[in-house]
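Residue numbers (the numbering used here): -5 to 167.
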């Protein structure tokens, strides 16, 4: 339901709308003063700034807002993420913090209580576990593992994405 770039991503300056430029640049400067350990802390309040730009979600061609946030790192992957807040804890916290819609695309299965299922379906609780694809067009009904394979192949066929493996070495220091 939204996209996030690392504050230092080279596209930030290109896509930021004039009315958002001052706030975006101030946020970039603040993020530049943070060390990587602070930026990666899981238990901190999520911060970010809307760039004023939108991009098209390649899966459904709907416009989604592009934000910058310090929880996305330029040194990991491409420095850009397509957020799926219903199924990722950091994305969920960010979306909740900024009032961004949360759309469920994985139907809970397994050990989920009726109370938890109700909260998940209402967008009040994150569900990062495998399940069955919903709200996903032609991929509805697929198990998570199969859905990931098929959506990756679908994006690759259209030149919109490709599978990649990223390794992150975390030294104890």
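Idealized CB from N, CA, C, for every residue including glycine.
The beta carbon of residue 52 is closer than 8 Å to those of 149, 152, 154 and 155 in its chain, skipping five residues each way along the sequence.
Residue 41 sits close to residue 64, with the two beta carbons spaced by under 8 Å.
With respect to the 8 Å criterion, residue -1 and residue 89 are not classified as neighbours on the basis of their beta carbons. For residue 24, the enclosing alpha helix (DSSP H) covers residues 15 to 26. A distance below 8 Å separates the beta carbons of residue -5 and residue 96. The beta carbons of residue 80 and residue 98 sit closer together than 8 Å. The three-state reading of DSSP puts residue 101 in strand, counting E and B together.
The beta carbon of residue 86 is closer than 6 Å to those of 79 and 120 in its chain, skipping five residues each way along the sequence. Under the DSSP assignment, residue 31 falls outside any beta strand (DSSP E), being part of the alpha helix (DSSP H) whose first and last residues are 30 to 34.
DSSP links residue 43 through a beta bridge to 62. Here residue 2 really is in contact with residue 22; their C-beta atoms are around 7 Å apart, less than 8 Å.
Excluding the 5 residues flanking it on each side, residue 136 has same chain C-beta neighbours closer than 6 Å at 127, in chain order.
Collapsing the DSSP output to three states places residue 131 in a helix.
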